[in-house]
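**Q** Here it is, the structure in full.
2 protein chains.
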Amino acid sequence: MARRANPAAELMQAGSHRWTLWMRRALQLAALAEGQTSPNPLVGAVVLDAQGALVGEGFHAKAGQAHAEVGALAQAGGRAKGGTIIVTLEPCCHQGRTPPCSEAVIQAGIQRVVVALKDPDPRVAGGGIQRLRDAGLEVITGVLETEAAHQNRAFVHRVQTGRPWGLLKWAMSLDGRTALPNGESQWISAPPARGWVHQLRAGCDAVIVGGGTVRADNPLLTSRGARSPEPMRVVLSRSLDLPPQAQLWDTSLASTLLAHGPGCADRPLPEGPEHLELLASEPLDLLHALAARGCNRVLWECGPSLAAEAVKQGCVQELAVVIAPKLLGGQSARTPLGELGFSAMDQVIPLSALSAEWLGGDLLLGALTPVLDPTV
Amino acid sequence: MARRANPAAELMQAGSHRWTLWMRRALQLAALAEGQTSPNPLVGAVVLDAQGALVGEGFHAKAGQAHAEVGALAQAGGRAKGGTIIVTLEPCCHQGRTPPCSEAVIQAGIQRVVVALKDPDPRVAGGGIQRLRDAGLEVITGVLETEAAHQNRAFVHRVQTGRPWGLLKWAMSLDGRTALPNGESQWISAPPARGWVHQLRAGCDAVIVGGGTVRADNPLLTSRGARSPEPMRVVLSRSLDLPPQAQLWDTSLASTLLAHGPGCADRPLPEGPEHLELLASEPLDLLHALAARGCNRVLWECGPSLAAEAVKQGCVQELAVVIAPKLLGGQSARTPLGELGFSAMDQVIPLSALSAEWLGGDLLLGALTPVLDPTV
Numbered sequence: 000m001a002r003r004a005n006p007a008a009e010l011m012q013a014g015s016h017r018w019t020l021w022m023r024r025a026l027q028l029a030a031l032a033e034g035q036t037s038p039n040p041l042v043g044a045v046v047l048d049a050q051g052a053l054v055g056e057g058f059h060a061k062a063g064q065a066h067a068e069v070g071a072l073a074q075a076g077g078r079a080k081g082g083t084i085i086v087t088l089e090p091c092c093h094q095g096r097t098p099p100c101s102e103a104v105i106q107a108g109i110q111r112v113v114v115a116l117k118d119p120d121p122r123v124a125g126g127g128i129q130r131l132r133d134a135g136l137e138v139i140t141g142v143l144e145t146e147a148a149h150q151n152r153a154f155v156h157r158v159q160t161g162r163p164w165g166l167l168k169w170a171m172s173l174d175g176r177t178a179l180p181n182g183e184s185q186w187i188s189a190p191p192a193r194g195w196v197h198q199l200r201a202g203c204d205a206v207i208v209g210g211g212t213v214r215a216d217n218p219l220l221t222s223r224g225a226r227s228p229e230p231m232r233v234v235l236s237r238s239l240d241l242p243p244q245a246q247l248w249d250t251s252l253a254s255t256l257l258a259h260g261p262g263c264a265d266r267p268l269p270e271g272p273e274h275l276e277l278l279a280s281e282p283l284d285l286l287h288a289l290a291a292r293g294c295n296r297v298l299w300e301c302g303p304s305l306a307a308e309a310v311k312q313g314c315v316q317e318l319a320v321v322i323a324p325k326l327l328g329g330q331s332a333r334t335p336l337g338e339l340g341f342s343a344m345d346q347v348i349p350l351s352a353l354s355a356e357w358l359g360g361d362l363l364l365g366a367l368t369p370v371l372d373p374t375v
Numbered sequence: 000m001a002r003r004a005n006p007a008a009e010l011m012q013a014g015s016h017r018w019t020l021w022m023r024r025a026l027q028l029a030a031l032a033e034g035q036t037s038p039n040p041l042v043g044a045v046v047l048d049a050q051g052a053l054v055g056e057g058f059h060a061k062a063g064q065a066h067a068e069v070g071a072l073a074q075a076g077g078r079a080k081g082g083t084i085i086v087t088l089e090p091c092c093h094q095g096r097t098p099p100c101s102e103a104v105i106q107a108g109i110q111r112v113v114v115a116l117k118d119p120d121p122r123v124a125g126g127g128i129q130r131l132r133d134a135g136l137e138v139i140t141g142v143l144e145t146e147a148a149h150q151n152r153a154f155v156h157r158v159q160t161g162r163p164w165g166l167l168k169w170a171m172s173l174d175g176r177t178a179l180p181n182g183e184s185q186w187i188s189a190p191p192a193r194g195w196v197h198q199l200r201a202g203c204d205a206v207i208v209g210g211g212t213v214r215a216d217n218p219l220l221t222s223r224g225a226r227s228p229e230p231m232r233v234v235l236s237r238s239l240d241l242p243p244q245a246q247l248w249d250t251s252l253a254s255t256l257l258a259h260g261p262g263c264a265d266r267p268l269p270e271g272p273e274h275l276e277l278l279a280s281e282p283l284d285l286l287h288a289l290a291a292r293g294c295n296r297v298l299w300e301c302g303p304s305l306a307a308e309a310v311k312q313g314c315v316q317e318l319a320v321v322i323a324p325k326l327l328g329g330q331s332a333r334t335p336l337g338e339l340g341f342s343a344m345d346q347v348i349p350l351s352a353l354s355a356e357w358l359g360g361d362l363l364l365g366a367l368t369p370v371l372d373p374t375v
């Protein structure tokens, strides 16, 4: 009879369980800067001394500021010598706004590097790990890789596709309405859900609406101070039929970008916002421009037509839907999404990772859209 | 300083905790016949001997069969003498299809009766309790009254309003669509949710659709054998524009009732179903007729226009909404509810008791509508 393996003992032998525990801590550290690091990723790092005791912690707080590894190593000082660094993303090997982290790790005398996720940035992409191995350090990869990829999904998506991660949000009644037939929509959700929207904005680099939302709701679109600076407010307008006065044209609280297609030189445009002429007034063109401006994650807070266009053009990766316990009814009442062009049930968009949580008396549903072929 | 009360001791003193435990058992027994007892209520009963030991259990299985008390007393036999009966609903005091239970309780030599809910049936309404007290028995009332009222909400509603409890069910995509723009709706939800619908039907006395659903979906509307007999299938038609062939016209599996307004003598109607002429082809008229036929609970599985009418006429007390992780889109795609006639957010229908549970990969949301003034 064969001896039965003891899986727990095997894990301990490989040290996996130990690294998993520390990596979870590093992921927690990274999460402290959620929504603040663009265009950079979220990174957390933990340094253990040669005996395995915690001697340093760090996270990347903001682009231009120290990388996570550098902060954790600085905290550890001489105690890092012969020790281990646990880091959620492969240390960089290129000179950016800060020197390469792989060199800092080597110079600190670290013996072992534990990495969750390889950096998809083509300037790194395994080069950091190679540099460390070439210098004689032990490198363990793939520890909590799935969790790390999920945490940095916005950064990874932007690096891989050239477009920020798109989050589409709406609030609707239980019967799927986002407004009454006369357009009235304030408020469908209760105060706790509206406070949550401010937090959601704080985790995004830009908030996008169409001209119709400016005309109908005259929204402010800030995080109410939960993020500093406030996320950029973006209006994507096709018609440029915009009101002369709007809260978004006042840029004292937050910046506003007015994006439109070509050939609008003769239209009187509001003076507050920055103007951006795109090749076409389409979600995809806008997102390429926002990626170039360093956006990792954008929030679509638009009406049904623009939302449907954004979905069709692969500009929405994630959904956040607030369902309020109300019935609105109305044959002509607004619904969340306009035309998607489907005529059979096997064509519709299947969502994954459906989640549900309470938001006061409302219900928050989350989901992911399918990954589209980035070459399409 | 005042002595602090010990709530546990107080409860024990009053015996409440002990009766609560046995009442919970009686409620469990009652639930075994859910959906089977109409027009009667669900009732469960437990008999303890003079020393407090369990000697009998019973529940009401079906109208015309023994009441719960009678079954439990029969099981207890002579051991009921000097004992206690715990029963979810006040014992009846009138001669119906079976003799009054209050007399059976007295004749068995029971000393104490513990009741959850007073029977709202005007033929009882406290009379059973009075008869027991007059005979010298101790009667304790109101134990788990809220739970008992919830369990028998359909019966109580029918007795109080003269209409069965209405449950409105639909399945929709995350963007609130119940069909594609071309009407295609099979299937929005996944097999586990469709199996749940059969169970839902098994708990109802009738399943109601409009003519539009017959024309569009040609549904079968049975519980697939989960209930025997199958719930009555009801078509409420205004236009009587009905297809000559339909699964519902074949009554070998389940009965079908075709309800319509007056003045349809000249229309060729399908021969299988029973015909019912109402004063008007309206949800309220239909429900009064169904209550008269012994329905405690009906399931609305209709399209948006009839559903909205049913809601407006106070014929819907409960909602069951399946949300599938899909995006359908479509400006003209079907939504769950037609016109409700609201023009301001403070007019819309507030729901209560919102609940959420998983149904395979789909999500099931439940809610209650506000109690309307039954005199309106």
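In order, the protein sequence lines correspond to chains L and Z. Read in order, the letters of the first sequence are residues 0 to 375 in numbering that gives the first Met the number 0. Read in order, the letters of the second sequence are residues 0 to 375 in numbering that gives the first Met the number 0. The beta carbon of each residue, even a glycine, is placed where N, CA and C say it ideally should be. As the structure is a prediction and not an experimental result, all values here were calculated from the model.
#1: When you compare each of L/ALA291, L/LEU364, L/ASP204, L/THR177 to L/GLY328 by their alpha carbons, which one comes out closest?
#2: From the DSSP secondary-structure annotation, give me the bridge partner or partners of Z/TRP169.
#3: So Z/ALA444 is in the beta strand (DSSP E); what residue range does that whole segment cover?
#4: What's the gap between the Cα of Z/TRP357 and the Cα of Z/GLN64?
#5: Note down the Cα distance separating Z/LEU143 from Z/GLY55, rounded to an integer number of angstroms.
#6: For chain Z, find out if any of its Cβ atoms is closer than 7 Å to the Cβ of L/GLN12; answer yes or no.
#7: Could you work out which residues of chain Z lie near L/LYS325, taking near to mean beta carbons separated by less than 8 Å?
#8: Tell me which residues share the same chain as L/HIS287 and place their Cβ nearer than 7 Å to its Cβ, disregarding the 5 neighbours each side in the sequence.
#9: Is the beta carbon of Z/HIS59 less than 7 Å from the beta carbon of Z/THR83?
#10: Using a Cβ-Cβ cutoff of 9 Å, what residues of the stretch 166-187 of chain Z are near chain L? List them in chain order.
#11: Between which two residues does the alpha helix (DSSP H) holding Z/ILE128 run?
#12: How is L/ALA1 classed by DSSP in three states: helix, strand or coil?
#13: Roughly how many whole angstroms lie between the Cα atoms of L/SER304 and L/LEU47?
#14: Hey, Z/GLY165 and Z/VAL315: beta-carbon distance below 7 Å or not?
#15: So, is the C-beta of Z/LEU353 closer than 7 Å to a C-beta in chain L?
#16: Going by Cα to Cα distance, which pick from L/ALA67, L/ALA75, L/ALA62 is closest to L/ALA49?
#17: Taking the straight line between their C-alpha atoms, what separation do you get for L/PRO335 and L/ASN151?
#18: Report yes if the CB atom of L/TRP18 is closer than 7 Å to the CB atom of L/VAL45, and no otherwise.
#19: Kindly indicate which residue of L/GLY340, L/ARG232, L/ALA323 has the alpha-carbon position closest to the one of L/CYS301.
#20: Considering only the alpha carbon of each residue, which of L/GLN330, L/PRO218, L/LEU326, L/GLY360 lies closest to L/HIS197?
#21: To test your reading of the DSSP string, which unbroken alpha helix (DSSP H) runs of 4 or more residues are found completely within the stretch 162-224 of chain Z?
#22: Which of the three DSSP states, helix, strand or coil, is assigned to L/THR87?
#23: Let me know the secondary structure DSSP gives Z/VAL142 once reduced to three states.
#24: Residues of chain L with a CB under 9 Å from the CB of Z/SER342: which are they?
#25: Please return the same chain residues whose Cβ sits closer than 6 Å to the Cβ of Z/GLN113, not counting the five positions on each side in sequence.
#26: Let me confirm a value: L/PRO324 is counted as buried when at least 16 other C-beta atoms fall within 10 Å, else exposed. Which label applies?
#27: Applying a beta-carbon distance threshold of less than 7 Å, which residues of chain L neighbour Z/PRO335?
#28: May I have the straight-line CA-CA distance separating L/PRO121 from L/SER236, to the nearest angstrom?
#29: Give every residue of the same chain whose Cβ lies closer than 7 Å to the Cβ of L/PRO242, excluding the five residues on either side of it in the sequence, and list them in chain order.
#30: Applying the criterion that 16 or more other CB atoms from any shown protein chain within 10 Å of the CB defines a buried residue, is L/ASP174 buried or exposed?
#31: Mind checking which residues open and close the alpha helix (DSSP H) that includes Z/HIS59?
#32: Taking only the alpha-carbon atoms, compute the straight-line gap between L/LEU326 and Z/LEU283 and give it to the nearest angstrom.
#33: Going by DSSP in three states, L/SER254 sits in which element: helix, strand or coil?
#34: Counting only the same chain and skipping the five closest in sequence on each side, list residues whose C-beta sits under 7 Å from that of Z/LEU367.
#35: Using the DSSP secondary-structure output, state which residues sit across from L/ARG333 in a beta bridge.
#36: For Z/GLU338, return the contacting residues in chain L, with the cut-off set at a CB-CB distance below 7 Å.
**A** Short version:
#1: As a first step, residue 328 of chain L must be located in the first sequence, where it is residue number 329. If we check each option's Cα against that of L/GLY328, L/THR177 comes out closest.
#2: Counting from 1 along the second sequence, the entry for residue 169 of chain Z is found at position 170. Looking at the DSSP assignment, Z/TRP169 forms a beta bridge with Z/VAL320.
#3: Because chain Z spans 0 through 375 in this model, residue 444 of chain Z falls outside it and cannot be assessed.
#4: Numbered from its first residue, the second sequence carries residue 357 of chain Z at position 358. Numbered from its first residue, the second sequence carries residue 64 of chain Z at position 65. About 36 Å.
#5: Here residue 143 of chain Z is taken as the residue at index 144 of the second sequence, counted from 1. Here residue 55 of chain Z is taken as the residue at index 56 of the second sequence, counted from 1. Cα-Cα distance, rounded: 20 Å.
#6: Position 13 of the first sequence, counting from 1, holds the residue named residue 12 of chain L. Caution applies to L/GLN12, whose pLDDT of 45 falls short of 50 and renders its modelled position unreliable; the value that the coordinates give is listed next. Output row for L/GLN12: interface = no.
#7: Taking the first sequence and counting its residues from 1, the one referred to as residue 325 of chain L is at position 326. Per Cβ cutoff of 8 Å: VAL347, ILE348, PRO349, LEU350.
#8: Within the first sequence, residue 287 of chain L is the residue found at index 288, counting from 1. For L/HIS287, where only same-chain residues beyond five positions count, the Cβ hits under 7 Å are GLY161, ARG162.
#9: Stepping through the second sequence from its first residue, residue 59 of chain Z is reached at position 60. Stepping through the second sequence from its first residue, residue 83 of chain Z is reached at position 84. Not a contact, by the Cβ cut-off of 7 Å.
#10: TRP169, MET171, SER172, LEU173, ASP174, GLY175, ARG176, THR177, LEU179, PRO180, ASN181, GLU183, SER184, GLN185, TRP186, ILE187
#11: Taking the first residue of the second sequence as 1, we reach residue 128 of chain Z at position 129. Where Z/ILE128 is concerned, the enclosing alpha helix (DSSP H) stretches over 126-133.
#12: On the first sequence, residue 1 of chain L is found 2 positions in, with the first residue counted as 1. In this predicted model, L/ALA1 has a pLDDT of only 46, less than 50, meaning its place in the structure is not dependable; the value taken from the coordinates is given anyway. L/ALA1 falls in the coil class under three-state DSSP.
#13: Along the first sequence, one-based indexing puts residue 304 of chain L at 305. Along the first sequence, one-based indexing puts residue 47 of chain L at 48. Cα to Cα, the separation comes out at about 53 Å.
#14: The count along the second sequence starts at 1 and reaches residue 165 of chain Z at position 166. The count along the second sequence starts at 1 and reaches residue 315 of chain Z at position 316. Yes, they are a contact pair.
#15: Locating residue 353 of chain Z in the second sequence gives position 354, where the first residue counts as 1. Yes, Z/LEU353 counts as interfacial toward chain L.
#16: Taking the first residue of the first sequence as 1, we reach residue 49 of chain L at position 50. Per the Cα distances, L/ALA75.
#17: Locating residue 335 of chain L in the first sequence gives position 336, counting from the first residue. Locating residue 151 of chain L in the first sequence gives position 152, counting from the first residue. Each residue's Cα considered, the two are about 28 Å apart.
#18: As a first step, residue 18 of chain L must be located in the first sequence, where it is residue number 19. As a first step, residue 45 of chain L must be located in the first sequence, where it is residue number 46. With contacts defined by Cβ atoms closer than 7 Å, L/TRP18 and L/VAL45 do not form a contacting pair.
#19: Locating residue 301 of chain L in the first sequence gives position 302, where the first residue counts as 1. Comparing Cα positions, the closest option is L/ARG232.
#20: Against the first sequence, residue 197 of chain L aligns to sequence position 198. The residue with the shortest Cα to Cα distance from L/HIS197 is L/PRO218.
#21: 190-201, 210-216
#22: Indexing the first sequence from 1 puts residue 87 of chain L at position 88. For L/THR87, the three-state secondary structure derived from DSSP is strand.
#23: The sequence position of residue 142 of chain Z within the second sequence is 143, counting from 1. Coil, per DSSP.
#24: Position 343 of the second sequence, counting from 1, holds the residue named residue 342 of chain Z. In chain order: LEU179, PRO180, ASN181, GLU183.
#25: Taking the first residue of the second sequence as 1, we reach residue 113 of chain Z at position 114. For the sequence presented, residue 113 of chain Z should be read as Val rather than Gln. Answer for Z/VAL113: TRP18, ILE85, ILE139, VAL142, listed in chain order.
#26: What you label residue 324 of chain L is simply residue 325 of the first sequence in a count that begins at 1. It is buried - the Cβ of L/PRO324 has at least 16 other Cβ atoms within 10 Å.
#27: Looking up residue 335 of chain Z in the second sequence gives position 336. Neighbours of Z/PRO335 on chain L, chain order: ASP174, GLY175.
#28: Translated into positions along the first sequence, residue 121 of chain L becomes position 122. Translated into positions along the first sequence, residue 236 of chain L becomes position 237. For L/PRO121 and L/SER236, the distance between alpha carbons rounds to 34 Å.
#29: Stepping through the first sequence from its first residue, residue 242 of chain L is reached at position 243. Closer than 7 Å at Cβ, skipping near neighbours: VAL213, ARG214.
#30: As a first step, residue 174 of chain L is located in the first sequence; it is residue number 175 there, counting from the start. The Cβ neighbour count for L/ASP174, taken over all protein chains shown within 10 Å, is at least 16; the residue is labelled buried.
#31: Residue numbering aside, residue 59 of chain Z sits at position 60 when the second sequence is read from its first letter. Careful: Z/HIS59 lies outside any alpha helix (DSSP H) and carries neither H nor E.
#32: Taking the first residue of the first sequence as position 1, residue 326 of chain L is located at position 327. Taking the first residue of the second sequence as position 1, residue 283 of chain Z is located at position 284. If you take the alpha carbons of L/LEU326 and Z/LEU283, they lie about 20 Å apart.
#33: The residue labelled residue 254 of chain L in the question sits at position 255 within the first sequence. In this structure, L/SER254 counts as coil in the three-state DSSP scheme.
#34: Indexing the second sequence from 1 puts residue 367 of chain Z at position 368. Hits under 7 Å: GLN316, GLU317, LEU350, SER351, ALA352.
#35: Looking up residue 333 of chain L in the first sequence gives position 334. Partner(s): none; L/ARG333 has no beta bridge.
#36: Against the second sequence, residue 338 of chain Z aligns to sequence position 339. The contacting residues are GLY328, GLY329, GLN330.
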